[in-house]
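Asks: This structure is in structure tokens; I'll ask about it shortly.
Protein chains: 2
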Amino acid sequence: MTQDGRRLRGLRSREAILERTVGLASVEGLDGLSLGRLAAATGTSKSGFFAHWRDKEELQLDAVEWAARQWKEHVVAPAMSAPPGVRRLFALHEARMRFYSDGVLPGGCFFFTVQAEFDDRPGAVHDRVARAMREWQEFIQRLVTQAKELGELVEEADPAQLAYEIDALGEMTIIHSRLHDGPAALTHARRAVLQRLRALCPEPALLPED
Amino acid sequence: MTQDGRRLRGLRSREAILERTVGLASVEGLDGLSLGRLAAATGTSKSGFFAHWRDKEELQLDAVEWAARQWKEHVVAPAMSAPPGVRRLFALHEARMRFYSDGVLPGGCFFFTVQAEFDDRPGAVHDRVARAMREWQEFIQRLVTQAKELGELVEEADPAQLAYEIDALGEMTIIHSRLHDGPAALTHARRAVLQRLRALCPEPALLPED
DNA sequence: CGACTATACAAACGACCGGTCGGTCAGATA
DNA sequence: TATCTGACCGACCGGTCGTTTGTATAGTCG
């Protein structure tokens, strides 16, 4: 537990490798990305990876963890600084849109790519991704429930239903914007969630008009 | 142009190979799927493919074409037998849900997997997939416009906006149902589109209540 | 019948894959 | 000082990738 220059250096390059891995995986996927190309992109040697991870799957699992942390920093945290209720709910959606439009990750969304890659492939990575997505879904549901308790959403609003809609409308942004729509998908996704929330909110003035 | 038993046989195995390709690609993607495994799955030899396609990319392009045809048969055609207007629009969404829940493709949706795979990778396959998705989007928009002309959707309904919402809510079904939700995602997606259409329809009685 | 063509095959190619190996070197320990 | 350890490397392994080559077979046509 003393300060060890070797371990410090190791931790630093470990973080750098994970950041590159998540970025590249958002484009090519976690399996499509080969260790050789990853080594070239990070300026290290292929075999150097095995000082940090036992095999490729361990690197993939750590990459999922890293991406989840990045998501919390860029999307969840900004939303939590908004007042609870529908405003926080919409702030979450807007933070997500900003994450996409700012191009934080070259491929748009790490979890979208990885979900599509592993949804039919059983294994440790599948389970880890599924857990992350379940936690994300439950988090949106909690915000919906909180908004209902504050009287900012009508009683009929079903948290699971609304959470599904918000997530689906947000997640499909990247694929639409990249394949044909361009920036139009961003405004469509923003307006869709905004209108949905306003329709369910007794005080629509809490939210922007458009 | 005479009847040639060889070409007939060739066409038959060509179709059989394409069907297997689309099915497997809906799970593993078009690039993730290797010719060796594809050969094993179709009971042919790896090199036999090159009698039908110049290289892997040509097979991928034909697979996209085949999947588009399958989609039209299973989703578009059933919707067209419904009366035009909001009922046809909702029939389209329901046909899609049935396509997913029936498990027509082992991976759920070919285009979802392939979109995620090629959205950031330029090339012929990317362009072909993008065209297919644009045509699909435009088709939904035409149905929305038609419903407006029939007075079954209010004038404020924006075709591009509504088409985006319908497609996004439908498309995210598979990933949700496969990774955590189970069948709940199907009912969420169905109800979301139904409520959206009923809210925009002057005669909600045209649509089921739930 | 032979010439030709479409279909299919086994074998082999170079390139690249994930992973292992022995070794180098800097920093910690005593 | 000598010893040990963690980070990192180049070289290499067996295996799989997409593709090429050469060959066999079956159907068509002159």
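From first to last, the protein sequence lines are chains Y and Z. Position one of the first sequence corresponds to residue 32 (the working numbering), numbered consecutively onward. Position one of the second sequence corresponds to residue 32 (the working numbering), numbered consecutively onward. For each residue, glycine too, the CB sits at the ideal point set by N, CA and C.
(1) Of all the CB atoms in chain Y, is at least one closer than 8 Å to the CB of Z:D86?
(2) Cβ of Z:E96 less than 8 Å from any chain Y Cβ?
(3) Does any C-beta atom of chain Y lie closer than 8 Å to the C-beta of Z:H219?
(4) In the segment 155-172 of chain Y, which residues sit with their C-beta less than 9 Å from some C-beta in chain Z, listed in chain order?
(5) Where do the ends of the alpha helix (DSSP H) carrying Z:S112 lie?
(6) Terminal residues of the continuous alpha helix (DSSP H) containing Z:S132?
(7) I'd like the ranges of any alpha helix (DSSP H) spanning at least 4 consecutive residues and lying wholly in the segment 127-197 of chain Z.
(8) Could you check whether the Cβ of Z:F143 sits closer than 8 Å to any Cβ belonging to chain Y?
(9) Quick check on this structure: which residue in Y:H207, Y:G139, Y:F121, Y:F81 has the alpha carbon closest to the alpha carbon of Z:E169?
(10) On the CB-based measure, 16 or more other CB atoms within 10 Å of its CB, does Z:S57 come out buried or exposed?
(11) Taking 8 Å as the threshold (beta carbon to beta carbon), is Y:M32 in contact with chain Z?
(12) Is it right to say Z:F81 is buried, meaning 16 or more other beta carbons lie within 10 angstroms of its own, or is it exposed?
(13) Using 8 Å as the cut-off, can you tell me whether the segment 115-128 of chain Z makes contact with the segment 41-55 of chain Z, which would need three or more C-beta pairs spanning the two stretches below that distance?
(14) List the residues of chain Z that Y:D151 touches, going by C-beta distances under 9 Å, in chain order.
(15) Thinking just about the alpha-carbon of each residue, which of Y:E89, Y:A108, Y:A99 is nearest to the one in Y:A126?
(16) I need the boundaries of the alpha helix (DSSP H) containing Y:L66, first residue and last residue.
(17) Distance cutoff 8 Å, beta carbons only. Does Z:Q101 sit that close to anything in chain Y?
(18) Counting only beta-carbon atoms, is Z:A191 nearer than 8 Å to chain Y?
(19) Quick check: is the beta carbon of Y:E125 nearer than 8 Å to any beta carbon in chain Z?
(20) Can you tell me whether Z:V185 is buried or exposed, with buried defined as 16 or more other CB within 10 angstroms of its CB?
(21) For Y:G201, tell me which candidate among Y:A220, Y:S132, Y:P153, Y:I48 has the shortest Cα-Cα distance.
(22) Using a C-beta cutoff of 8 Å, does Y:E202 count as contacting chain Z?
(23) Any contact of the segment 154-162 of chain Z with the segment 144-161 of chain Y, i.e. 3+ C-beta pairs under 8 Å?
(24) Going by DSSP, what residue range makes up the alpha helix (DSSP H) through Y:A236?
Replies: Taking the coordinates as given:
(1) no
(2) no
(3) yes
(4) H157, V160, A161, R162, M164, R165, Q168
(5) That residue, Z:S112, is in no alpha helix (DSSP H); it is neither H nor E in DSSP.
(6) 117-132
(7) 141-149, 155-180
(8) yes
(9) Y:H207
(10) buried
(11) Because Y:M32 sits at a pLDDT of 45, beneath the cut-off of 50, its placement in the model cannot be relied upon, and the following sentence gives the value as read from the coordinates. By this cut-off, Y:M32 is not an interface position.
(12) exposed
(13) no
(14) S57, V58, E59, P137, G138, G139, T144, R209
(15) Y:A108
(16) 66-73
(17) no
(18) yes
(19) no
(20) exposed
(21) Y:A220
(22) yes
(23) no
(24) Where Y:A236 is concerned, there is no enclosing alpha helix (DSSP H), given that its DSSP letter is neither H nor E.
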